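So the sequence shown is residues 229 to 302, counted in this note's numbering.
Working notes, structure below.
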Amino acid sequence: MKRRALIQTLTAAALAAGLVVPAQAQTKDKVVLMLNWYVYSEHAPFFLGKEKGFYDAENIDLEIQEGRGSGVTI
Numbered sequence: 229m230k231r232r233a234l235i236q237t238l239t240a241a242a243l244a245a246g247l248v249v250p251a252q253a254q255t256k257d258k259v260v261l262m263l264n265w266y267v268y269s270e271h272a273p274f275f276l277g278k279e280k281g282f283y284d285a286e287n288i289d290l291e292i293q294e295g296r297g298s299g300v301t302i
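This is how it looks when you write it as structure tokens:
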């Protein structure tokens, strides 16, 4: 019985040690957001999110580009 308990303890310790290995850093996804028109108040959430680091927290490298109307943006 002692041998079985020892094997179970060692197995649990080995599994726990495997869980503490740090994850490798993931590269950020490059995203270009083309606005529908010149920058104005409607676009504030995009800039605020970038300033506050919300996109960085989700591994998104956001580039915001100013648009010139729907014809050019598409």
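Here a beta-carbon is modelled for each residue, glycine too, at the ideal position from N, C-alpha and C.
Every value quoted in this text rests on a predicted model; they were computed, and no experiment measured them.
DSSP places Glu291 in the uninterrupted beta strand (DSSP E) bounded by Ile288 to Gln293. Below 8 Å, enough C-beta pairs join the region 275–292 and the region 253–267 to call them touching: three or more. One Cα belongs to Thr237, the other to Arg231, and the distance between them is close to 10 Å.
Exclusion of the five residues before and after Leu243 leaves no residue of its chain whose Cβ lies closer than 6 Å to its Cβ. If you look at Leu261, you'll find it isn't in any alpha helix (DSSP H); it sits in the beta strand (DSSP E) that goes Asp257 to Met262.
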